[in-house]
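Heads up: the sequence shown begins at 1 in our numbering, then just goes up one per residue. Backbone N, C-alpha and C fix where the C-beta goes; we use that ideal spot for every residue, glycine too. All remarks here apply to the structure that follows.
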Amino acid sequence: MQAAFAAYAGTHQAASIRRCRSNWNTLCDFLYTGDIKAANPMSFVGRLKVARTLPKGLGAETISELLTVIDDDRGSERRSDWAERDRAIVLTAVLAGLRADELVRADAGDIRATDRAVIVHVHGKGNKDRRIPVEQPLIHELEAYLDSRAARFPGSTQRRPTAGDWPRGRPLRHCWSAVTAPALPAARCGTGCYVPSRTPGWTPGAREEICCMASGVVSPRSSPTRIPACMR
């Protein structure tokens with residue numbers, strides 16, 4: 001077996017060798033478990049280590065060409081052509097560095113504004129949370145997509161609750177006025193903050209308090225006894 005793999009390694013790349021060894025190891029392990037072979041001979045064949053390399057990124061010219069093709073779809077009568085959506089997907093992946101599965105699960109509620117920057121909270125690979133700062137131009141692209149979605153599907157503008165899947169006890173710092181107000185049914189309260197007109201699980205007074213606190217404004221409704229424990 002060792003001689004056979006030595007000969008195979010002389011004419012194949014490292015990835016092919018590892019894949020071949022894995023297949024043979026699975027077969028021999030099955031034969032050993034079924035008492036067809038006395039032992040698994042693959043234990044005598046060493047595993048080849050493959051050097052890790054950095055992923056190859058797309059060049060600026062390639063991305064520019066892709067965006068040009070997307071922009072050509074503007075004004076198309078086909079329902080599948082949606083330039084705002086496609087630009088939001090491509091630019092979020094490129095500028096925020098999201099993996100494919102993270103991009104699929106991304107939601108407007110994951111974008112949170114702080115005093116210094118706009119942050120995208122990502123729950124990704126390995127059950128780990130990441131905080132990714134993004135530039136204002138990307139926010140403009142996302143707002144354009146949300147506006148176009150509201151125009152295409154007027155009945156689908158409601159988002160999931162602000163609390164969403166965010167762990168209990170963590171501060172709620174979602175800034176409606178900076179991120180999602182243009183795409184949500186909302187109105188301004190007495191302090192000038194955008195307040196969503198409907199959010200499941202929150203009363204009108206609670207919505208106003210939360211949005212004002214997220215925007216750094218003291219709401220006329222606020223009082224020490226009414227502020228949620230996680231916000232104190």
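For the alpha helix (DSSP H) that contains residue i, what are its first and last residues?
i	result
residue 131	First-last for residue 131: 128-134, but that is the beta strand (DSSP E), not the alpha helix (DSSP H).
residue 307	Lying before the first or after the last residue shown, residue 307 is absent from the chain, which here runs from 1 to 232.
residue 19	14-33
residue 64	60-71
residue 5	2-9
residue 92	83-96
Do the CB positions of residue i and residue j come within less than 8 Å of each other?
i	j	result
residue 69	residue 96	no
residue 45	residue 15	no
residue 94	residue 110	no
residue 99	residue 128	no
residue 131	residue 139	no
Could you check if residue i is buried or exposed, using at least 16 other CB atoms within 10 Å of its CB as the buried criterion?
i	result
residue 92	buried
residue 77	exposed
residue 145	buried
residue 88	buried
residue 106	buried
Which first and last residues belong to the beta strand (DSSP E) in which residue i is found?
i	result
residue 113	111-113
residue 118	118-124
Out of curiosity, what's the CA-to-CA distance linking residue i and residue j?
i	j	result
residue 43	residue 2	10 Å
residue 20	residue 10	13 Å
residue 104	residue 40	42 Å
residue 117	residue 142	16 Å
residue 6	residue 47	12 Å
residue 62	residue 25	41 Å
residue 35	residue 23	19 Å
residue 82	residue 66	14 Å
residue 112	residue 33	53 Å
residue 31	residue 37	6 Å
residue 60	residue 148	26 Å
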